[in-house]
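Have a look at the structure below, then the notes.
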Amino acid sequence: MHPPRILLGVNIDHIATLRQARGTRYPDPVQAALLAEEAGADGITVHLREDRRHIQERDVRLLAEVLNTRMNLEMAVTEEMLALAEEVRPAHVCLVPEKREELTTEGGLDVVGGFEAIAAACARLAAVGCEVSLFIDPEPTQIEAAVKAGAPVIELHTGAYAEASGEAARREHARIAAAAELAGELGLIVNAGHGLHYHNVEAIAAIPGLHELNIGHAIIARALFVGLKEAVAEMKRLIIAGQEAGFVAALEAHDHDHDH
1 MHPPRILLGV NIDHIATLRQ ARGTRYPDPV QAALLAEEAG ADGITVHLRE
51 DRRHIQERDV RLLAEVLNTR MNLEMAVTEE MLALAEEVRP AHVCLVPEKR
101 EELTTEGGLD VVGGFEAIAA ACARLAAVGC EVSLFIDPEP TQIEAAVKAG
151 APVIELHTGA YAEASGEAAR REHARIAAAA ELAGELGLIV NAGHGLHYHN
201 VEAIAAIPGL HELNIGHAII ARALFVGLKE AVAEMKRLII AGQEAGFVAA
251 LEAHDHDHDH
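All residue numbers for the sequence shown refer to the UniProt record's numbering, where the first residue is 1 and numbers rise by one.
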């Protein structure tokens, strides 16, 4: 049986980064979100950071009203963020670690170390109808802790894979594949993201069991040269091609195993 088509979530944070650099009203991340949807994005991801360096609370509220797909709100496990999510009630909330000094999210959430607070956050968000995802490294202990915390979804951090090359990249890819398999066996929905771009995404999309890839920086950077709609469409084509290749490889491996 053919697996469901893998989804693309487009992160529009860097549209807001450009806006905030000059303190203008443009470029508008809400407009970008609607264009991304028209081009085939299956969802829109935004990270409302504590320091408000890019996405603003107003953006989140507007997106909640106008999106035709769904919003995936990335946020830290803080009372301020939980209260906002309870009010806005985005379809999806992804809990992420956050440090003010980092350029972007570095590493996954430590579900083991922060278990009580994370489990409580999962319960609060589920109570208002948000599907909760935990952004974690592809480690068995973190995956098992995510299940115990009550999160129905995880997003595997692909940053180490994206930064590696050669044999190291192959090892990281295998680690992500093993994590996706374990998570699927434990009943979790498995997403992935961070650092994925046009030259490394197909191999990740080929991993069986992945539900959605969340990609931002590469798409927004590509949009400078080809426009946002084409940048989104190009990424979606690569993801689907990668998934198809993975499906064919799995069928061939299955046939090979049964020939012996």
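Ideal Cβ positions, reconstructed from N, Cα and C, are used throughout, including at glycine.
#### Entry: Own chain, CB closer than 6 Å to L48, minus 5 neighbours either side, in chain order
Counted from its first residue, the sequence shown places residue 48 at position 48. Result list for L48: I55, V60 and M75, in chain order.
### Message
For a quick check, are the C-beta atoms of V153 and I189 less than 8 Å apart?
### Response
As a working note, residue 153 is residue 153 in the sequence shown. As a working note, residue 189 is residue 189 in the sequence shown. The answer is yes: Cβ separation under 8 Å.
### Task
Give every residue of the same chain whose Cβ lies closer than 6 Å to the Cβ of P138, excluding the five residues on either side of it in the sequence, and list them in chain order.
What you label residue 138 is simply residue 138 of the sequence shown in a count that begins at 1. Here the set comprises L156, R175, I176 and A179.
#### Entry: Sub-8 Å separation of L8 and K229 beta-carbons
As a position in the sequence shown, residue 8 is number 8, starting the count at 1. As a position in the sequence shown, residue 229 is number 229, starting the count at 1. Against a cut-off of 8 Å, the Cβ pair of K229 and L8 comes out as no contact.
### Query
Which class does H14 belong to by DSSP, given the choice of helix, strand or coil?
Taking the first residue of the sequence shown as position 1, residue 14 is located at position 14. Reduced to three states, the DSSP call for H14 is helix.
### Message
So, with DSSP's three-state summary, where would you put E74?
### Response
Stepping through the sequence shown from its first residue, residue 74 is reached at position 74. If DSSP states are grouped into helix, strand and coil, E74 belongs with the strands.
### Query
What are the start and end residues of each continuous alpha helix (DSSP H) run of 4 or more residues lying completely inside the region 93–151, in chain order?
115–127 and 140–149
### Task
Any chance you could list the beta strand (DSSP E) runs of at least 3 consecutive residues sitting entirely within the region 4–60, in chain order?
7–11 and 43–47
### Task
Inspect the beta-carbon positions of I118 and L95 and report whether they are closer than 8 Å.
Indexing the sequence shown from 1 puts residue 118 at position 118. Indexing the sequence shown from 1 puts residue 95 at position 95. The answer is yes: Cβ separation under 8 Å.
### Task
Look at the alpha carbon of A206 and the alpha carbon of A41, and state the distance between them as a whole number of angstroms.
Along the sequence shown, read from residue 1 onward, the residue named residue 206 stands at position 206. Along the sequence shown, read from residue 1 onward, the residue named residue 41 stands at position 41. A206 and A41: Cα-Cα distance of roughly 19 Å.
### Query
What are the boundary residues of the alpha helix (DSSP H) that includes A223?
Taking the first residue of the sequence shown as 1, we reach residue 223 at position 223. H217 to V226 is the extent of the alpha helix (DSSP H) around A223.
### Query
Where does H173 fall in DSSP's three states?
For the purposes of this step, residue 173 is taken as the residue at position 173 of the sequence shown. Reduced to three states, the DSSP call for H173 is helix.
### Cβ shell of L18 (< 7 Å), same chain only, five flanking positions each side left out
On the sequence shown, residue 18 is found 18 positions in, with the first residue counted as 1. Result list for L18: P27, in chain order.
### Message
On a Cα-Cα basis, can you pick out the residue from A145, I143, D51 and I204 that is closest to Y161?
### Response
Mapped onto the sequence shown, residue 161 falls at position 161. The option with the nearest alpha carbon to Y161 is I204.
### Task
Would you mind stating whether V111 and A85 have Cβ atoms separated by less than 8 Å?
As a working mapping, residue 111 is identified with position 111 in the sequence shown. As a working mapping, residue 85 is identified with position 85 in the sequence shown. Cβ atoms of V111 and A85: not closer than 8 Å.
### Message
In the DSSP output, which residue or residues are listed as bridge partners for L213?
### Response
In the sequence shown, the residue the question calls residue 213 occupies position 213. DSSP output for L213 lists L8 and A192 as bridge partner(s).
#### Entry: Contact set for A245: own chain, Cβ-Cβ below 6 Å, skip 5 residues either direction
Here residue 245 corresponds to residue number 245 of the sequence shown, with the count starting at 1. Cβ within range, chain order: A206.
### Query
By Cβ distance, which residues of its chain are closer than 8 Å to E202, with the 5 residues on each side in sequence left out?
Here the question's residue 202 lines up with position 202 in the sequence shown. Result list for E202: L238, I239, A241, G242 and A245, in chain order.
### Query
What three-state label does DSSP hand L182 in the structure shown?
What you label residue 182 is simply residue 182 of the sequence shown in a count that begins at 1. L182 falls in the helix class under three-state DSSP.
#### Entry: Presumed contact (8 Å Cβ cut-off) between G195 and E172, rounded CB distance
As a first step, residue 195 is located in the sequence shown; it is residue number 195 there, counting from the start. As a first step, residue 172 is located in the sequence shown; it is residue number 172 there, counting from the start. Contact flag wrong, Cβ pair sits at about 11 Å.
### Query
From A231 to I220, what distance separates their C-alpha atoms?
Taking the sequence shown and counting its residues from 1, one reaches residue 231 at position 231. Taking the sequence shown and counting its residues from 1, one reaches residue 220 at position 220. Approximately 7 Å between the Cα atoms of the pair.
### V66 classed as buried or exposed, judged by whether at least 16 other C-beta atoms fall within 10 angstroms
Counting from 1 along the sequence shown, the entry for residue 66 is found at position 66. Counting Cβ neighbours within 10 Å, V66 comes out exposed, since fewer than 16 surround it.
### Query
Is it the case that the Cβ atoms of A218 and Y198 are separated by a distance below 8 Å?
The residue given as residue 218 occupies position 218 in the sequence shown. The residue given as residue 198 occupies position 198 in the sequence shown. For A218 and Y198, yes; Cβs fall inside 8 Å.
#### Entry: Nearest candidate by alpha-carbon position, reference R70, set E50, E79 and E37
Start at 1 with the first residue of the sequence shown, and residue 70 comes out as number 70. Measuring from the Cα of R70, the nearest candidate turns out to be E37.
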